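Protein chains in written order, with the numbering used here: chain S, 8 to 435; chain L, 8 to 435.
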């Protein structure tokens with residue numbers, strides 16, 4: 008134990024995750040030193056809330072109020088940023104990097120929105136940014152992309168990256184409850200925040216896929232380049248119909264390379280029952296990766312929560328302390344790959360129309376689809392109520408998003424069609 | 008590209024995997040250098056078969072016949088061992104380590120049987136052994152255990168580690184075919200070797216769980232400490248009955264810590280439909296890990312085959328070349344944890360008896376189980392044929408293996424019981 012090399016860190020934020028990091032480091036001091044040869048020493052912490060600081064068990068004399076003051080301390084080699092947000096956290100992280108300190112962060116919004124300047128600052132100062140905890144908590148996707156795929160070529164990443172949405176969709180699917188009821192249940196169990204907008208709008212998943220896509224493809228994608236559609240408009244009936252056709256409905260975040268372009272999108276998707284992502288249920292996260300050599304791999308685990316997230320932060324601290332994190336940061340963006348526009352995206356589509364039950368209805372809809380070059384794999388009229396509105400479900404063969412959207416506009420104008428049609432894309 | 012640091016390697020064996028490694032390194036020279044800052048240079052290769060050497064595309068002047076001659080070359084920093092077997096490969100690996108060369112190997116048998124002396128030699132010579140490819144091919148389980156769990160405490164590892172067995176079980180389950188037919192099909196598709204003994208006996212899985220358990224628990228377990236039962240005795244009828252009860256049958260390799268002991272075992276298991284391992288089908292591999300902090304995680308992917316395995320070898324080479332592999336080798340065994348004997352293992356059991364359909368049969372069986380302290384959760388008599396032999400299926404509550412085995416012996420002696428009973432354990 009004596010020969011363990013000390014690595015001095017400070018923790019900015021002693022909330023749920025920060026407190027967890029302190030606990031793991033305290034409880035694991037000996038075992039971490041034994042396994043890795045390093046001892047991680049918490050020199051200081053920053054927390055304005057005295058109660059949280061006391062709960063975290065950091066001695067009061069080590070706790071300061073203003074995180075930016077940690078930057079002044081030359082003994083601190085690495086700071087952990089678990090403050091959250093993109094304002095003060097950005098200032099703190101950039102300050103720490105400029106002062107030559109490594110940064111370990113769980114802040115996906117910060118990296119998705121300000122990653123470019125943060126990774127540039129890290130490169131310029133010869134320090135590293137560890138961010139395993141920023142995507143899918145306890146799922147080691149960052150180190151997998153960085154290390155296991157270092158010699159491979161990634162073709163596609165498909166993630167279930169938001170536990171709140173996945174929990175809601177699982178309940179809608181298993182119990183047939185509506186979106187609002189499932190959301191209320193998620194809040195009651197602490198799986199959704201009081202204001203769940205960031206989660207259910209898909210924005211949180213978009214943050215994460217931007218981070219993964221940058222790492223996988225070596226380019227600097229922006230949040231505004233992600234097509235993003237949340238789950239609040241989903242109806243239970245479509246989840247049921249999809250199930251009858253052998254599909255599950257999941258909110259997926261996708262980054263897919265085709266030629267010299269990468270498509271980036273977050274939206275509810277149909278996945279076949281046999282797909283490994285189909286059975287990722289409840290609050291769990293999962294990332295499916297397709298590589299040229301490794302083929303299909305999938306990582307699954309707890310995407311959020313105190314301990315999984317804190318565990319990922321500690322793993323990053325160990326990487327930094329052992330020097331293994333030398334290649335942790337993003338390299339310079341290559342500037343080679345473009346972003347594929349959504350309208351040129353190819354997929355199979357599930358479309359539900361509300362249409363008057365009358366001879367010739369399907370012919371009318373199919374005619375418009377045909378004009379746009381979209382062929383139909385399956386068409387099902389659900390129920391019979393002559394002269395009244397019934398659902399018609401169509402599964403297309405592969406088609407371009409642009410053509411499908413154009414067809415939907417025209418179909419919406421047909422007098423046999425009574426309501427707004429519902430569109431879901433299949434992800435293979 | 009100019010500043011990429013060169014790392015000189017030699018490849019011993021230009022067969023399926025070795026040839027794949029050469030291809031990936033050739034095709035990826037630039038992208039690997041750009042991403043990692045290192046250029047991996049193949050200085051030499053050893054291959055006795057001239058045809059294989061030519062197919063691998065290594066210039067003839069770089070190919071020698073005897074791998075051990077590679078050891079003499081001081082320019083070689085790292086050797087890749089993809090010779091296979093535990094005789095010559097052991098000699099080669101120990102020689103290379105003694106000569107101060109790092110070793111990257113895909114050889115699970117070698118590491119399971121001679122890991123102790125190999126890792127000792129690596130420690131003594133200050134070099135590293137990379138072995139990601141030795142367990143579950145393209146699934147990055149080694150680096151996950153080593154890095155992502157460096158600050159966590161692993162409680163249990165459960166793996167589907169043999170693609171041949173998983174393919175056979177998937178076919179038996181989906182198509183209702185018998186073991187022999189499924190095996191024949193696996194051979195025809197190249198998923199089983201001409202002599203499949205190592206796979207279907209569970210030995211290959213035992214090799215792999217020994218490697219994972221050493222890494223997870225920091226102890227030096229031996230192959231003879233693994234309880235091992237293969238799949239050749241499995242009957243389709245039990246897979247069907249299990250399915251009716253909501254279970255899938257999988258060959259699992261388990262390493263589980265309880266107190267200061269680790270239980271190590273390979274045998275067919277019942278897993279509930281909702282378990283993430285239940286839907287790992289076909290030749291895929293998967294490893295489920297339970298950590299104190301990270302909670303449940305699972306990794307899934309291709310466990311064998313040229314490209315996934317070669318991709319894992321290349322990832323290890325990059326780790327070694329970038330210096331990230333400093334903590335790759337096993338540390339000194341701790342000598343703290345013992346091995347839990349199989350008889351004290353606790354599980355729920357599926358037991359199928361063949362018994363005469365006569366009043367009082369179940370009472371007789373249940374009576375013996377009760378005497379051994381085993382309580383019954385479910386008992387089902389399959390079909391009715393008075394006075395003739397019918398299957399009786401019992402699911403127990405949690406019980407100790409020793410007690411169950413004792414009860415089975417006694418039940419076998421009852422005159423109402425006509426055949427050998429079938430025992431399957433549930434893994435939660």
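The beta-carbon is built from N, C-alpha and C at its ideal position, and this holds for glycine as well. Bear in mind the structure is a predicted one, so any value in this text is a computation, not a measurement.
Simplified DSSP assignment, three categories, for residue i
i                     : result
residue 109 (chain L) : strand
residue 412 (chain S) : helix
residue 214 (chain L) : helix
residue 264 (chain S) : strand
residue 282 (chain S) : coil
residue 54 (chain S)  : coil
residue 93 (chain L)  : coil
residue 48 (chain S)  : strand
residue 140 (chain S) : helix
residue 364 (chain L) : strand
residue 127 (chain S) : helix
residue 391 (chain S) : coil
residue 26 (chain S)  : helix
residue 135 (chain S) : coil
residue 163 (chain L) : strand
residue 194 (chain L) : helix
residue 18 (chain S)  : strand
residue 381 (chain S) : coil
residue 154 (chain S) : helix
residue 434 (chain S) : coil
residue 145 (chain S) : coil
residue 386 (chain L) : strand
Environment of residue i [buried if 16+ CB atoms lie within 10 Å]
i                     : result
residue 281 (chain L) : exposed
residue 152 (chain L) : buried
residue 170 (chain S) : buried
residue 428 (chain L) : buried
residue 84 (chain S)  : buried
residue 425 (chain S) : exposed
residue 432 (chain L) : buried
residue 81 (chain S)  : exposed
residue 17 (chain L)  : buried
residue 318 (chain L) : buried
residue 347 (chain L) : buried
residue 404 (chain L) : exposed
Neighbourhood of residue i by C-beta distance below 6 Å, restricted to the same chain and skipping five residues each side
i                     : result
residue 8 (chain S)   : Any reading at residue 8 (chain S) needs caution, since the residue's pLDDT is 40, under 50, leaving its predicted position unreliable; the model's value is listed next. These residues qualify, in order along the chain: 40.
residue 295 (chain L) : 165, 284, 305
residue 173 (chain S) : 167
residue 278 (chain L) : 255, 257, 284, 285, 434
Neighbourhood of residue i by C-beta distance below 8 Å, restricted to the same chain and skipping five residues each side
i                     : result
residue 243 (chain S) : 179, 183, 184, 185, 186
residue 60 (chain L)  : 21, 52, 54, 67, 70
residue 222 (chain S) : 149, 152, 153, 337
residue 486 (chain L) : The question about residue 486 (chain L) has no answer here: the residues shown for chain L are numbered 8 through 435.
For residue i: DSSP bridge partner residues
i                     : result
residue 274 (chain L) : L:259
residue 359 (chain S) : S:400, S:429
residue 236 (chain S) : For residue 236 (chain S), which the question treats as bridged, DSSP gives no partner whatsoever.
residue 406 (chain S) : S:354
residue 291 (chain L) : L:309
residue 6 (chain L)   : Residue 6 (chain L) cannot be examined here, being either before or after the span of chain L that is shown, 8 to 435.
residue 302 (chain S) : S:298
residue 254 (chain S) : S:279
residue 72 (chain S)  : According to DSSP, which records beta bridges pairwise, residue 72 (chain S) is partnered with nothing at all.
Residues of its chain near residue i, where Cβ-Cβ distance is below 7 Å and the 5 sequence neighbours each way are ignored
i                     : result
residue 321 (chain L) : 28, 31, 32
residue 212 (chain L) : 168, 169, 258, 260, 273
Closer than 8 Å to chain A by CB, residue i
i                     : result
residue 331 (chain L) : Of the protein chains in this structure, namely S and L, none is chain A.
The ligand HEM heavy atom lying under 7 Å from the CB of residue i
i                     : result
residue 201 (chain L) : Annotation note on the ligand HEM: not contained in the displayed structure, which lists no ligands.
- Query: If you pair each beta-carbon of the region 231-239 of chain S with each one of the region 260-275 of chain S, do three or more pairs fall below 8 Å?
  - Reply: yes
- Message: When you compare the region 319-333 of chain L with the region 159-167 of chain L, are there three or more beta-carbon pairs, one atom per stretch, that lie closer than 8 Å?
- Response: In short, these stretches do not touch, since the Cβ pair count stays below three.
- Query: Are the region 212-230 of chain L and the region 110-120 of chain L in contact at 8 Å, needing three or more beta carbon pairs?
  - Reply: Three or more Cβ pairs drawn from the region 212-230 of chain L and the region 110-120 of chain L lie within less than 8 Å of each other, which places the two stretches in contact.
- Task: Count the C-beta pairs between the region 380-391 of chain S and the region 399-413 of chain S that are closer than 8 Å, then say yes if the count reaches three, no if not.
- Result: Yes, they touch.
- Task: Report yes or no: do the region 305-320 of chain L and the region 406-424 of chain S share at least 3 C-beta pairs separated by less than 8 Å?
- Result: no
- Query: For the 8 Å Cβ check, are there 3 or more pairs between the region 131-145 of chain S and the region 238-256 of chain S?
  - Reply: no
- Any contact of the region 404-416 of chain L with the region 370-379 of chain L, i.e. 3+ C-beta pairs under 8 Å? yes
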